[in-house]
Amino acid sequence: MEKESFIFRRAEVDDILSVMKVIENRCLWMKENGINQWDEEYLKFYNFNYFKERVEKRELFLVENFQKIVGTFVLLEEDERWDNDVPAYYIHNFATDTEIKGIGSEIIEYCENLCRENSKKTLRLDCNINNNKLNDYYEKKGFKTVGICDESPEYIGYKREKIIF
Numbered sequence: 000m001e002k003e004s005f006i007f008r009r010a011e012v013d014d015i016l017s018v019m020k021v022i023e024n025r026c027l028w029m030k031e032n033g034i035n036q037w038d039e040e041y042l043k044f045y046n047f048n049y050f051k052e053r054v055e056k057r058e059l060f061l062v063e064n065f066q067k068i069v070g071t072f073v074l075l076e077e078d079e080r081w082d083n084d085v086p087a088y089y090i091h092n093f094a095t096d097t098e099i100k101g102i103g104s105e106i107i108e109y110c111e112n113l114c115r116e117n118s119k120k121t122l123r124l125d126c127n128i129n130n131n132k133l134n135d136y137y138e139k140k141g142f143k144t145v146g147i148c149d150e151s152p153e154y155i156g157y158k159r160e161k162i163i164f
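Numbering that gives the first Met the number 0 numbers the first residue of the sequence shown as 0 and each following residue consecutively.
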């Protein structure tokens, strides 16, 4: 896949079902591969109404390739799991098409550029504490573990951040 064929844009309400399909496919892929991050319950909480609110707040983004949605993420300026102590962006609901490699790196790079353009000092996210593969991926991308978000028993995750400048 050519890098220049990825198009980033803010989502519209008409995109939500496609976004949810990308996430559903990623959830199934995680289950099949024994990866502990999201499960079938994920889309019960992060449902159509949740994504509609993200669209209305202009927080839901898409990645398209030849007019097909191949990636999605929510980008927040504040996150209740964090102290919000420095100007930052927070990535949530980060999912990519399981058939296309490299989209995750493109999304991270895009978010880093948005941080620079909007004077954000860090890019932050969280990841299930038991998801070794994804934690290793984020570590390789420069995200350092800086704390724990404990929402026991539903979720325990590492808080990770990457200093942008």
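Glycine is no exception: its CB is placed at the ideal position from the N, C-alpha and C atoms.
Where the beta strand (DSSP E) through residue i begins and ends
i, result
"E63", "L59 to N64"
"F93", "A87 to T95"
"N83", "Where N83 is concerned, there is no enclosing beta strand (DSSP E), given that its DSSP letter is neither H nor E."
"K170", "Within the shown structure, residues of the chain are numbered from 0 to 164, placing residue 170 beyond reach of any answer."
"D125", "T121 to N127"
"E150", "K143 to E150"
Host alpha helix (DSSP H) of residue i (start-end)
i, result
"G103", "I102 to E116"
"R53", "F47 to E55"
"D135", "N131 to K139"
Neighbourhood of residue i by C-beta, 6 angstroms cutoff - its chain only, sequence neighbours within 5 removed
i, result
"Y89", "L75, D78 and R123"
"L155", "Reading off the sequence shown, one finds Ile at residue 155, where the question assumed Leu. Counting only Cβ-Cβ distances below 6 angstroms, and skipping sequence neighbours, we find I128 and D149."
"E160", "T121, R123 and V145"
"C26", "W37 and Y41"
"V73", "R53, E58, L59, H91 and N92"
Same chain, Cβ closer than 8 angstroms to residue i, neighbours up to 5 away in sequence not counted
i, result
"G103", "G70, F93, T95 and Y136"
"L133", "I34, Q36, C126 and N127"
"R115", "I163 and F164"
"E170", "With the chain covering 0 to 164 only, the question about residue 170 has no answer from this structure."
DSSP-derived helix/strand/coil call for residue i
i, result
"L16", "helix"
"N24", "helix"
"F7", "strand"
"K43", "helix"
"E31", "helix"
"R159", "strand"
"F164", "coil"
"I99", "coil"
Short Cβ contact (8 angstroms threshold) for residue i with residue j
i, j, result
"K158", "C148", "yes"
"V54", "V21", "no"
"M19", "F47", "yes"
"S17", "I68", "yes"
"F65", "S4", "yes"
Residues of its chain near residue i, where Cβ-Cβ distance is below 7 angstroms and the 5 sequence neighbours each way are ignored
i, result
"V85", "K120 and T121"
"S118", "P86"
"T97", "N24, R25 and W28"
"Y109", "F7"
Report yes or no: do the region 30-37 and the region 66-84 share at least 3 C-beta pairs separated by less than 8 angstroms?
These segments do not touch.
Assess contact between the region 8-28 and the region 56-71, defined as three or more Cβ pairs (one per stretch) separated by less than 8 angstroms. Is contact present?
Segments in contact, yes.
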